[in-house]
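Per my numbering, the sequence shown starts with residue 240, numbered consecutively. We treat Cβ as the ideally placed atom computed from N, Cα and C, and that holds for glycine. Note sheet for the following structure.
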Amino acid sequence: MVDLKCRLLFSCSKNKQPALFIIQSSHKPTYPHPCPHVLHKMNPVIQSPQNNQLKHLAKLLSASKHRREHQQTVLEGVHLLSAYLDAGNTPEQVYVPEHRAQSPEIAALLCRLPANRVHLVSHNALRKISSLADANDIMALIALPQPSPLPEQGDCVVLERIQDAGNVGAVLRSAAAAGIVHIILSDGCADAYAPKVLRAGMGAHFLLHIHERVDLTQWRSQYHDRVLVTALSEHNNFSLYDLTLQQPSAWIFGNEGSGVSPQIQNIATANVKIPMLGATESLNIAQAATVCLFEQMRQRLK
240 MVDLKCRLLF SCSKNKQPAL FIIQSSHKPT YPHPCPHVLH KMNPVIQSPQ NNQLKHLAKL
300 LSASKHRREH QQTVLEGVHL LSAYLDAGNT PEQVYVPEHR AQSPEIAALL CRLPANRVHL
360 VSHNALRKIS SLADANDIMA LIALPQPSPL PEQGDCVVLE RIQDAGNVGA VLRSAAAAGI
420 VHIILSDGCA DAYAPKVLRA GMGAHFLLHI HERVDLTQWR SQYHDRVLVT ALSEHNNFSL
480 YDLTLQQPSA WIFGNEGSGV SPQIQNIATA NVKIPMLGAT ESLNIAQAAT VCLFEQMRQR
540 LK
């Protein structure tokens, strides 16, 4: 019998007699298996950071080479795991801080996961491997998505040698919010699935097709729509607010220090500048991308 205040769960003990657990909540419906009360019986707590699973997580968190070799990465935090599940995905393994297993937000997530993929971890062991300053959050091991074909037409965002992980993640977040699906990263960009990029993306990764280490010149030879770069040039230089942005376009944003390379500027349809008042020389790359993409969206929503 289930109502908004309580749910009854049964678990078999060693003598196969049913044991009864009651979970109560004054403001939320309670959740079915896997219940935090039962997790202690299902999986032994991982106590040592030398545990092979945790050592693998630590390498994935710190080394892009390890992520590429194993085609895996790690999500840190309730928000990222929730976004991953909302996108219809299932993690390979999930690691829960032992002292937080009964918190409402984590319990709600555990109810959406296969029980045999959930492991409790001591705070000390998790603290040794986490890339977060406060190692109190859930971790999920996930497979990297299989690469999809590079877009030959349609809207996309292209990043050339964007090295700051926070900037890459912020651009991905803005692109997803503006309705972009394809993101192309040249060689020299921060790893799209590095922990800091994932955190800055706030779940945008799971809404996008991300293509990494792409030869942009080769891609351009196969792309049939307009290519816009945010770079000042003596030729084809247009104000963002003078452009008609109804047609499909690829937006290219360049390195934080040197901008879009001359080689890539030469293969663009037009160079776009963002008008600014005052003495400010330029915008942060993530801010510039947001301005351009949302101006494009604004025009199309008219």
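Taking the straight line between their C-alpha atoms, what separation do you get for residue i and residue j?
{"i": "residue 306", "j": "residue 481", "result": "43 Å"}
{"i": "residue 407", "j": "residue 429", "result": "7 Å"}
{"i": "residue 394", "j": "residue 489", "result": "5 Å"}
{"i": "residue 293", "j": "residue 388", "result": "34 Å"}
{"i": "residue 329", "j": "residue 350", "result": "12 Å"}
{"i": "residue 375", "j": "residue 421", "result": "33 Å"}
{"i": "residue 358", "j": "residue 300", "result": "18 Å"}
{"i": "residue 498", "j": "residue 399", "result": "8 Å"}
{"i": "residue 536", "j": "residue 390", "result": "19 Å"}
{"i": "residue 458", "j": "residue 467", "result": "14 Å"}
{"i": "residue 339", "j": "residue 449", "result": "33 Å"}
{"i": "residue 540", "j": "residue 479", "result": "17 Å"}
{"i": "residue 327", "j": "residue 506", "result": "38 Å"}
{"i": "residue 454", "j": "residue 368", "result": "34 Å"}
{"i": "residue 417", "j": "residue 447", "result": "12 Å"}
{"i": "residue 533", "j": "residue 427", "result": "26 Å"}
{"i": "residue 396", "j": "residue 463", "result": "14 Å"}
{"i": "residue 401", "j": "residue 452", "result": "12 Å"}
{"i": "residue 356", "j": "residue 444", "result": "22 Å"}
{"i": "residue 346", "j": "residue 352", "result": "10 Å"}
{"i": "residue 323", "j": "residue 487", "result": "28 Å"}
Nearest CA to the CA of residue i: which residue from the options?
{"i": "residue 512", "options": "518, 422, 522", "result": "522"}
{"i": "residue 303", "options": "291, 336, 404", "result": "404"}
{"i": "residue 492", "options": "355, 366, 425", "result": "425"}
{"i": "residue 342", "options": "356, 461, 377", "result": "377"}
{"i": "residue 413", "options": "298, 527, 287", "result": "527"}
{"i": "residue 538", "options": "520, 503, 524, 485", "result": "485"}
{"i": "residue 460", "options": "392, 514, 531, 379", "result": "392"}
{"i": "residue 469", "options": "510, 438, 354, 456", "result": "510"}
{"i": "residue 411", "options": "476, 439, 331", "result": "439"}
Going by the beta-carbon positions, is the gap between residue i and residue j smaller than 8 Å?
{"i": "residue 318", "j": "residue 442", "result": "yes"}
{"i": "residue 360", "j": "residue 284", "result": "yes"}
{"i": "residue 362", "j": "residue 336", "result": "yes"}
{"i": "residue 525", "j": "residue 409", "result": "yes"}
{"i": "residue 379", "j": "residue 310", "result": "no"}
{"i": "residue 321", "j": "residue 365", "result": "no"}
{"i": "residue 465", "j": "residue 508", "result": "yes"}
State the beta-bridge partners of residue i as determined by DSSP.
{"i": "residue 311", "result": "382"}
{"i": "residue 192", "result": "No information on residue 192 is available, as it lies outside the stretch 240 to 541 that the chain covers here."}
{"i": "residue 332", "result": "380"}
{"i": "residue 465", "result": "488"}
{"i": "residue 506", "result": "In DSSP, residue 506 forms no bridge with anything."}
{"i": "residue 395", "result": "421, 489"}
{"i": "residue 408", "result": "Bridge partners of residue 408: none, in fact."}
{"i": "residue 533", "result": "None, per the DSSP bridge assignment."}
{"i": "residue 317", "result": "Paired residues: none, contrary to the question."}
{"i": "residue 498", "result": "494"}
{"i": "residue 478", "result": "512"}
Query raised in the report: Just checking, does the segment 309-323 make contact with the segment 431-439 on the three C-beta pairs under 8 Å criterion?
Result: yes
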